[in-house]
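In our numbering, the protein residues as written are 25 to 196.
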């Protein structure tokens, strides 16, 4: 179990489809998981939500970083030197849903705008909050600029692309 796309989140606008999906998943997932030979979760919360037993369970926190994708010290020094002459560049790559902290990001941008902190924030992703994000970006004026960037396939190219940024914002 990797995600909670099917769950109703706090403050989410009611829809019958989402209500039905939430309750069907909450009913069927535990039944299916109890019959499974192996159960792999990306977080303890999901395990505790859907199972009472710890038998045949593995929790594997996200760990897909290989050494080849990590930045070296010389590149870090070069990045720090370059920061003296430009805005700090942020990126978030995720599904654009409330559970991933997208609303928190938009609130943080408002705070940065008020403080006059120069920054560039790029969003890579899509989801139910994409229209709201695009509208928010259109309304932005000030030290913080925002934009959407095209998705890059996960792998070496993805990590190379992320390395062009100063800060990677990690979704929930």
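Just so you know, even glycine gets a beta-carbon here, dropped at the ideal spot from N, CA and C.
Is it buried or exposed for residue i, if we count other Cβ within 10 angstroms and need 16 for buried?
i, result
"residue 41", "exposed"
"residue 126", "buried"
"residue 180", "exposed"
"residue 173", "exposed"
"residue 124", "buried"
"residue 75", "buried"
"residue 63", "buried"
"residue 30", "exposed"
"residue 116", "buried"
"residue 118", "buried"
"residue 145", "buried"
Do you know offhand how far residue i's Cα is from residue j's?
i, j, result
"residue 190", "residue 113", "5 Å"
"residue 148", "residue 186", "11 Å"
"residue 193", "residue 130", "12 Å"
"residue 37", "residue 121", "12 Å"
"residue 135", "residue 33", "24 Å"
"residue 168", "residue 133", "7 Å"
"residue 184", "residue 151", "24 Å"
"residue 47", "residue 35", "17 Å"
By the DSSP assignment, the beta strand (DSSP E) with residue i in it spans what residues?
i, result
"residue 148", "143-148"
"residue 192", "191-193"
"residue 31", "Unbroken run through residue 31: none, as it is neither H nor E."
Between which two residues does the alpha helix (DSSP H) holding residue i run?
i, result
"residue 112", "From DSSP, residue 112 is part of no alpha helix (DSSP H) but of the beta strand (DSSP E) over 112-117."
"residue 47", "40-59"
"residue 69", "68-74"
"residue 161", "154-163"
"residue 133", "126-139"
"residue 185", "180-186"
Could you say if the segment 65-78 and the segment 152-161 meet the contact criterion of at least three C-beta pairs nearer than 8 Å?
no
Say whether the segment 134-150 touches the segment 69-83, bearing in mind that this needs 3 or more beta-carbon pairs closer than 8 Å, one atom from each stretch.
no
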